[in-house]
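Colleague: FYI, in this note's numbering the residues of the sequence shown are 8 to 570.
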Amino acid sequence: MLRELSIRNFAIIDDLTVSFFGGLTVLTGETGAGKSIIIDAVNILAGGRGSTEFIRHGEKKAELGGLFHVDNSQHPIFAKLEEHGIESEEDTIILRRDLHDSGKSVCRVNGKLVPLSVLRDIGGSLIDIHGQHENQELMDEKFHINLLDHYAHNKLQPVKAKYDEAFEAYRQLKREVAELSMDEQRMAQRIDLYQFQIQELEQAGLKVDEEEALDEERLRLMNFHKIFERANIAYSAISDDGTGLDFIGNAMNALEDIVALDPNFKEASEAVTSSFYALQDAAYQVKNVLDDLEYDAERLNEVEQRLALYQNMKRKYGTTVEEILTYHEKIEEELSQLMNRDETLQKNEQLLAKMEADLNKIAEELTTIRKENAIKLSDAIMNELRMLHMEKAQFIVKFEPLNQLDANGKDFVAFYISTNVGEPPKSLPKVASGGELSRMMLALKTIFSSSNGITSIIFDEVDTGVSGRVAQAIAEKIAAISVNSQVLCISHLPQVAAMADHHYYIKKQVEHNRTFTSITEMEEKERIVEISRMMSGAEITDLTLQHASELIHMANERKEMMN
Numbered sequence: 008m009l010r011e012l013s014i015r016n017f018a019i020i021d022d023l024t025v026s027f028f029g030g031l032t033v034l035t036g037e038t039g040a041g042k043s044i045i046i047d048a049v050n051i052l053a054g055g056r057g058s059t060e061f062i063r064h065g066e067k068k069a070e071l072g073g074l075f076h077v078d079n080s081q082h083p084i085f086a087k088l089e090e091h092g093i094e095s096e097e098d099t100i101i102l103r104r105d106l107h108d109s110g111k112s113v114c115r116v117n118g119k120l121v122p123l124s125v126l127r128d129i130g131g132s133l134i135d136i137h138g139q140h141e142n143q144e145l146m147d148e149k150f151h152i153n154l155l156d157h158y159a160h161n162k163l164q165p166v167k168a169k170y171d172e173a174f175e176a177y178r179q180l181k182r183e184v185a186e187l188s189m190d191e192q193r194m195a196q197r198i199d200l201y202q203f204q205i206q207e208l209e210q211a212g213l214k215v216d217e218e219e220a221l222d223e224e225r226l227r228l229m230n231f232h233k234i235f236e237r238a239n240i241a242y243s244a245i246s247d248d249g250t251g252l253d254f255i256g257n258a259m260n261a262l263e264d265i266v267a268l269d270p271n272f273k274e275a276s277e278a279v280t281s282s283f284y285a286l287q288d289a290a291y292q293v294k295n296v297l298d299d300l301e302y303d304a305e306r307l308n309e310v311e312q313r314l315a316l317y318q319n320m321k322r323k324y325g326t327t328v329e330e331i332l333t334y335h336e337k338i339e340e341e342l343s344q345l346m347n348r349d350e351t352l353q354k355n356e357q358l359l360a361k362m363e364a365d366l367n368k369i370a371e372e373l374t375t376i377r378k379e380n381a382i383k384l385s386d387a388i389m390n391e392l393r394m395l396h397m398e399k400a401q402f403i404v405k406f407e408p409l410n411q412l413d414a415n416g417k418d419f420v421a422f423y424i425s426t427n428v429g430e431p432p433k434s435l436p437k438v439a440s441g442g443e444l445s446r447m448m449l450a451l452k453t454i455f456s457s458s459n460g461i462t463s464i465i466f467d468e469v470d471t472g473v474s475g476r477v478a479q480a481i482a483e484k485i486a487a488i489s490v491n492s493q494v495l496c497i498s499h500l501p502q503v504a505a506m507a508d509h510h511y512y513i514k515k516q517v518e519h520n521r522t523f524t525s526i527t528e529m530e531e532k533e534r535i536v537e538i539s540r541m542m543s544g545a546e547i548t549d550l551t552l553q554h555a556s557e558l559i560h561m562a563n564e565r566k567e568m569m570n
């Protein structure tokens, strides 16, 4: 769950740190106080789309941080952390994201810098944000199969994993068959191109370590005169009469003469003797190299031409010699396939047919599991909808076979619903109203909340536009979801606020001509006043206070029944 959230220089929030707890946390306050801004901050922290517009006016960057507690050691988030090489300390995960006015975003997970994609992957495993305008998965039929598969995950996953692996191999082979099935003109052009490239690469005769050796040789040839001059100076300084070796030889002989008389000179004598022989060896080495030194202007030209060839090959075939050699092997193999196209095509088509038959069998398994679970999902959703005062609703999962295999098998899945007696079920996106879609999503969240692994679910005014008994039903449903997952909910409904385990009040104020947002957890008496305000508006009376107190009391009784 989300334990602590820190927000700095974000929109109208100057510096805010708030602690959260398990169960249902409700955030209330006047319109425009900054409730949705806090949810925006959480969304961006979890990898959502950021913008410089979120940075508080006059500041260089916005800073967001979140501390999460995950007490289930088997939670998939830990496998993701390990996959991305991120260390985890016991059950704590810290997300941080800074938005800079330059447009850049800096992301960290447990202190490690990560790309935005990694932050999004990890944040998506921790937080599920659902707002009043975020029903895309229900409004787009192509996502319905994902919702069904999510429900059937435990039984479906082993078969789906087998299908995914087989489908990827099938798709790759299908691409190769398509390449081999190209028309004669394109094939001839491809053969000519590969033959030219192979000939050019073979004539180049590139070697992995040659370029580095050529660079070193080029450096020596370009600095030949300096090398020759300085080496001669060094040799003369060591070997000429009355220079290096002579002086050190004299010192060596002198010390050897007195070592027997005074042992204190032994260490110095040995050091000088060692230096004498080391210098003698060095002189021999310098002399040998000098004897072999020969300036060859033609060789320098050859080396530079060879290096130019390497650069030309890199521009055409790869950034490194290793990449070029790999490309060489690849096009040789592809040329072989093209030259033996008919034989290779026949072989691959036979293999493709076998793979397709195997895939169809696995796809049939997927269909069977989906249809079994579709019935259970339909029953579960209708049960939830009844509790959300859609007693007459009919919900079915409709299957249509696809003409060809895709990443999900051979099923097109769509949710159909009828909310009026006597009307046949129709496609959900076409007939459901906004309030009905919200209740549908709440029904799904309730069904999934005990098994989806998400640690925190956030509802941003999903109860807008409902009242009366539907409002009470939504409040109880959100509270039911909080039994298995931490729920943060922004709401204008007193029924929802009354169900809260923790109630925060968000207030906007102006100081020194700047706007600030603050957040405070309310005690029992403060909650009664706030819920009374939500029920009656600006005017709070003894009667509204009594009704608010009674609403909280009834909510507590219902929560006890849920637990």
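Don't be surprised by glycine CBs; every beta carbon is placed ideally from N, CA and C.
Predicted model only: the values in this text are computed from it and were never measured.
Using DSSP with H/G/I as helix, E/B as strand and the rest coil, what is Lys67?
Modeller: coil
Colleague: Terminal residues of the continuous alpha helix (DSSP H) containing Ala421?
Modeller: From DSSP, Ala421 is part of no alpha helix (DSSP H) but of the beta strand (DSSP E) over Gly416 to Ser425.
Colleague: Need the endpoints of the beta strand (DSSP E) that Ile101 sits in, please.
Modeller: Thr99 to His107
Colleague: Please state the DSSP three-state secondary structure of Arg56.
Modeller: coil
Colleague: For the alpha helix (DSSP H) containing Asp171, list its first residue and its last residue.
Modeller: His160 to Leu187
Colleague: Please state the DSSP three-state secondary structure of Phe203.
Modeller: helix
Colleague: Cα-Cα, which of Gly110, Arg182 and Glu97 is closest to Phe61?
Modeller: The shortest C-alpha separation from Phe61 is found at Gly110.
Colleague: In its own chain, which residues sit with a C-beta less than 7 Å from the C-beta of Val404, not counting the 5 before and 5 after it?
Modeller: Leu155, Ala381, Leu384, Ser385, Val420 and Phe422
Colleague: Out of curiosity, what's the CA-to-CA distance linking Ala360 and Leu451?
Modeller: 39 Å
Colleague: For the alpha helix (DSSP H) that Gln357 lies in, which residues bound it at each end?
Modeller: Counted as a single uninterrupted DSSP element, the alpha helix (DSSP H) harbouring Gln357 occupies residues Arg348 to Met394.
Colleague: Rounding to the nearest angstrom, what Cα-Cα distance links Thr333 and Glu224 in this structure?
Modeller: Near 27 Å, if we compare the C-alpha coordinates of Glu224 and Thr333.
Colleague: For Leu9 versus Phe75, is the C-beta distance shorter than 7 Å?
Modeller: yes
Colleague: Nearest-angstrom Cα distance between Gly475 and Glu398?
Modeller: Each residue's alpha carbon lies about 16 Å from the other.
Colleague: May I ask you to report which of helix, strand or coil DSSP gives Val490?
Modeller: If DSSP states are grouped into helix, strand and coil, Val490 belongs with coil.
Colleague: Whole angstroms is fine: what's the gap from Leu495's alpha carbon to Glu483's?
Modeller: Rounded to the nearest angstrom, the two C-alpha atoms are 14 Å apart.
Colleague: Give the list of continuous alpha helix (DSSP H) stretches no shorter than 4 residues that lie fully inside the region 211-247.
Modeller: 217-229 and 231-246
Colleague: Return the CA-CA distance between Glu564 and Arg534, expressed in angstroms with no decimal places.
Modeller: 17 Å
Colleague: Let me check you understand the geometry: is the CB of Gly73 closer than 6 Å to at least one non-hydrogen atom of the ligand FMN?
Modeller: Absent from the structure shown: the ligand FMN. Ligands present: none.
Colleague: If you draw a straight line from the alpha carbon of Glu236 to that of Glu301, how long is it in whole angstroms?
Modeller: 13 Å
Colleague: Along the chain, where does the beta strand (DSSP E) containing Gln401 start, and where does it finish?
Modeller: Gln401 to Asp413
Colleague: Identify whether Leu31 lies in helix, strand or coil by the three-state DSSP scheme.
Modeller: strand
Colleague: For a test of the three-state rule: what should DSSP assign to Asn16, helix, strand or coil?
Modeller: strand
Colleague: Quick check: the Cα distance between Lys67 and Cys114, rounded to an integer number of angstroms?
Modeller: 16 Å
Colleague: Going by beta-carbon coordinates alone, are Val25 and Leu34 separated by less than 7 Å?
Modeller: No; because the gap between Cβ atoms is not below 7 Å, this pair is not in contact.
Colleague: Just checking my contact of Ile129 with Ile84 at CB under 8 Å: how many whole Å lie between their CB atoms?
Modeller: Distance from Ile129 to Ile84 at the Cβ level is roughly 7 Å; contact confirmed, criterion being Cβ atoms closer than 8 Å.
Colleague: Apart from the five residues on each side of it in sequence, which residues of its chain come closer than 6 Å, Cβ to Cβ, to Ile101?
Modeller: Closer than 6 Å at Cβ, skipping near neighbours: Leu74 and Asn117.
Colleague: Thr339 by DSSP, collapsed to three states: which one?
Modeller: Per the sequence presented here, residue 339 reads as Glu, with Thr not at that position. Reduced to three states, the DSSP call for Glu339 is helix.
Colleague: Give the single residue among Ile526, Met506 and Ser525 whose Cα lies nearest to the Cα of Ile538.
Modeller: Met506
Colleague: Whole angstroms are fine: how far does the CA of Gln196 sit from the CA of Leu187?
Modeller: Cα to Cα, Leu187 sits roughly 13 Å from Gln196.
Colleague: Considering only residues of the same chain and omitting the five flanking positions on each side of Gly36, which have a CB-CB separation below 7 Å?
Modeller: Lys42, Tyr512, Ile513 and Lys514
Colleague: For Val435, which of Phe203, Asp298 and His151 has the nearest alpha-carbon?
Modeller: At residue 435 the sequence reads Leu, which differs from the Val that was named. Ranking the options by Cα distance to Leu435, first place goes to His151.
Colleague: Going by DSSP in three states, Ile497 sits in which element: helix, strand or coil?
Modeller: strand
Colleague: Contact between the region 159-171 and the region 327-347 is defined here as three or more beta-carbon pairs at a separation below 8 Å; is this criterion met?
Modeller: no
Colleague: Could you give the DSSP three-state label for Val77: helix, strand or coil?
Modeller: Three-state result, Val77: coil.
Colleague: On the criterion of 16 or more Cβ atoms from any shown chain inside 10 Å, does Tyr201 qualify as buried, or is it exposed?
Modeller: By the neighbour-count rule (16 or more Cβ atoms within 10 Å), Tyr201 is buried.
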